[in-house]
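Written out below as structure tokens is the structure these notes cover.
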Amino acid sequence: MAKIQLEHITKKFGELTAVDDVSLEVSDGEFVALLGPSGCGKTTTLRLIAGLEVPNAGRIFIGDREVTGLPPRERDIAMVFQDYALYPHMTLLDNIGYPLKVRGVSKSDMVARVSDVATELQIGDLLERRPGQVSGGQQQRASVARALVHQAQVFLFDEPLSNLDAKLRLEARAFLKHLQQEVGVTAVYVTHDQAEAMALADRIAVMNHGHVMQLGHPLDVYRRPANTFVAAFIGSPPMNLLPCEVDIQAGKILFEGDRALDISGYRERWGGALKNGRDITLGVRPENISISATEIPGSIPSRVYVVQPLGGEWLVVTQVGAELVSVRLFQDEAPELAEHVWLKLDLDRTFLYDKNGDLLQ
Amino acid sequence: MRDYESTFSKVILVLFSMACMAFFALPLLWLLTAPFNPMTTLAVELPDEPSLDNFRTVFKNEFAIRALFRNNLIIAGGAMLTVAAVATLASYGLSRTRIAGRDILVYVLMLFSSVVGGTAAMVPLFLLAYHLKLIDTHVGVVLVMTGGLLPAAIFMMRDFVDSIPRSYEEAALVCGAGPLRIFRDIAFPLVRPGVAVVAIWAFVNAWGAFLIPVVMLRSPNNMPASVALYSFYSEAGTPVHTLVSAYAFLYAVPVLILYLLVNWKFGFRFFGGIKS
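See below:
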């Protein structure tokens, strides 16, 4: 069990900077997810921790040891790959036992240990088969078994659930979380699926273009996104982001088409950061908006665009000027809406972002 | 009307193909019938009294037999092993490194080796071998043949090596294996079919080699079968059909056996990368 520390890590591939001055600390036993779209640098960061890539600048520590120049086998890590990387010409027994074989563990010891781990993961009776002869879910568990057999201090996961179908993915997700909690090992997990990151991680590092855009507990990242990128990336359906202008004197936020939101009672909330400005973006999650048929204080007029039943809730998409705003309604009966409605925002859960996309606070 | 025309053209095509095939098949048919005929000529005809006399006579020629059963095996076998080993390691290295211009290097190698091959390189090769004291040695012949076969061999191997996902080796690295171990445990078993292809291809090429051995070898004891074939010519310079055909038959048999072996074991699936 060990903590991981990345200090000012930079990695370039020719002209492309994949990881740009990233510093990150993972506590002992913590599960940190690296979340972001393709090409954001999350996989590269993971590979830097693994030792499969060498950073151009910065230092990496695992435990209290600096591992920056060390190859993977000297870092005491275990890794689960997206395509499982099970060797097709070996049985599952040999695959899972490979780390032990490499370390010179005796055959009988290896078989014993592999059987233990495999039985725990419910693949104990498949050990004589080849990877090609078992299902995707079983292959994935074999890959995890191989990592467990290491008894390493740090577990690294590179999108291990991407190759599974949706139902299996949910099962495997629960299984991984349970496993990590039981074993209590430090884990870094790369994914592009924000729901997966939210469900699994103790903390999420949202990345884009090689930078960490926000690092925090899933609920913090969800409830208080630090910038528009995180706001739009986390949450499904994503946060509504509306371009607007702030007029402090009048105590209003102005939207396109002269729609105004009265914020005169809420000025203290944004404190000194609130100045008159254009190119401001207002962010509010669909579940933090309520719909009123009549004009009420602190609401924005809008036009109903489409109403979608989602089963347990309704998604009402409305138009404010040229922008679409989604609202989640938790009710059984179909909402009875006229064409023109008013959107009441929960101002405690509404955020303003400046022209760079950073949170005004 | 269209049907008539297409059938007509198909018939013409088949007749034409048959004519071409006959042209190529005749020498092969001769090779199959002539050795067993004690009074063989250049004609393809079934023997009146098939016998193994020709073979008996051939076996009496010590020089030719040694050439075939010893020298040929040494040269072809040596070339096969060297080419397979070097090509596998080279293509593995080429596949796993990130040097600028790596792909161009391989294509240039291929190009150059086909342009500056065999006859054109004869004089420089001879001089080089002479200075390295490799003239009249089997080692010299094997080395020169390897050099000539290597670019194509590397080219062939690359496909097989490239088809191994990098994550296999990375997983092994994380498991604690070093590069040599990874090659032995993971890479090599997975490219074995490719190695077999290259090895056999090299063997077959080296088996039939004439020019390089005849230039580089001096003493009759070292000559391979392609050269020894000429020992069955009369003093006047004309071939003795009975013996030449018998010897050629013996010469061709190993390659035929190899072909059947490969077909049986691999079934000619190797182009396009094998996934088991």
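First to last, the sequence lines map onto chains C and G. Quick note on this note's numbering: the first sequence kicks off at 9 and runs consecutively. Quick note on this note's numbering: the second sequence kicks off at 25 and runs consecutively. Beta carbons are placed, not taken as given, at the ideal position from N, Cα and C, and that holds for glycine.
First through last residue of the alpha helix (DSSP H) which encompasses MET63(G) | Run containing MET63(G): none; DSSP gives neither H nor E here.
Would you please verify whether the beta carbon of ALA126(C) is less than 8 Å from any beta carbon of chain G?
-> no
Selected residue, minimal CA-CA separation from GLU23(C), among ASN64(C), LEU54(C), LEU60(C) | ASN64(C)
Within-8 Å CB hit, ARG208(G) to chain C | no
Got a sec: is the Cβ-Cβ distance from TYR116(G) to anything in chain C below 8 Å?
-> no
Contact the stretch 86-103 of chain G vs the stretch 134-149 of chain G: 3+ CB pairs below 8 Å | no
List the residues of chain C that CYS199(G) touches, going by C-beta distances under 7 Å, in chain order.
-> TYR106, PRO107, VAL110
Where PRO79(C) meets chain G, residues with beta-carbon distance less than 8 Å = LEU197
Exposure of VAL27(C), with buried meaning 16 or more beta-carbon neighbours within 10 Å = buried
Between the CA atoms of ILE299(C) and VAL333(C) - distance to the nearest angstrom = 11 Å
Mind checking whether GLY145(C) and LEU176(C) have CB atoms under 8 Å apart?
-> yes
Pull up the distance between the alpha-carbon of VAL198(G) and that of LEU169(C), whole angstroms please.
-> 20 Å
State the DSSP-derived secondary structure class of ASP287(C), mapped to helix, strand or coil.
-> strand
In chain order, which continuous runs of the alpha helix (DSSP H) of length 4 or greater are located wholly inside the stretch 100-144 of chain C?
-> 100-110, 115-128
Selected residue, minimal CA-CA separation from ALA201(G), among LEU129(C), SER143(C), SER123(C), LYS109(C) | LYS109(C)
Which of helix, strand or coil DSSP assigns to GLY306(C) = coil
Between the stretch 172-195 of chain G and chain C, which residues of the former have a C-beta closer than 7 Å to a C-beta of the latter?
-> PRO189, SER191, TYR192, GLU194, ALA195
Terminal residues of the beta strand (DSSP E) in which PHE359(C) lies = 358-361
What residue range is occupied by the uninterrupted beta strand (DSSP E) comprising TYR197(C)?
-> 194-199
Distance between beta carbons of THR199(C) and VAL162(C), contact taken as under 8 Å = Between THR199(C) and VAL162(C) the Cβ distance is about 17 Å, and since that is not below 8 Å, they are no contact.
CB contact flag (VAL215(G), ALA108(G), <8 Å) | no
When the cut-off is 8 Å and only beta carbons count, does ALA239(C) lie next to chain G?
-> no
Mind checking which residues open and close the beta strand (DSSP E) that includes PHE39(C)?
-> 39-43
The stretch 225-234 of chain C touching the stretch 53-72 of chain C, judged by at least three CB pairs closer than 8 Å = no
Would you kindly report the start and end of the unbroken alpha helix (DSSP H) that includes ALA199(G)?
-> Reading off the sequence, residue 199(G) comes out as Cys, not Ala. Looking at the DSSP string, the run of the alpha helix (DSSP H) that includes CYS199(G) is 190-199.
So what's GLN189(C) in DSSP terms, helix, strand or just coil?
-> helix
Three-state secondary structure assigned by DSSP to LEU351(C) | strand
ALA258(C) to ALA213(C), Cα distance in whole Å?
-> 38 Å
Between LEU323(C) and chain G, is there a C-beta pair that is closer than 8 Å?
-> no
Classify LYS50(C) as buried or exposed, calling it buried when 16 or more other Cβ atoms lie within 10 Å of its own Cβ.
-> buried
With DSSP as the reference, label PRO79(C) as helix, strand or coil.
-> coil
Report the residue from LEU249(C), PRO245(C), PHE338(C), PRO79(C) whose alpha carbon sits nearest the alpha carbon of ALA330(C).
-> LEU249(C)
Environment of MET118(C) [buried if 16+ CB atoms lie within 10 Å] = buried
Put CYS252(C) into one of helix, strand or coil per three-state DSSP.
-> strand
Which first and last residues belong to the beta strand (DSSP E) in which ARG267(C) is found?
-> 267-270
Under the three-state reduction of DSSP, which class applies to MET45(G): helix, strand or coil?
-> helix
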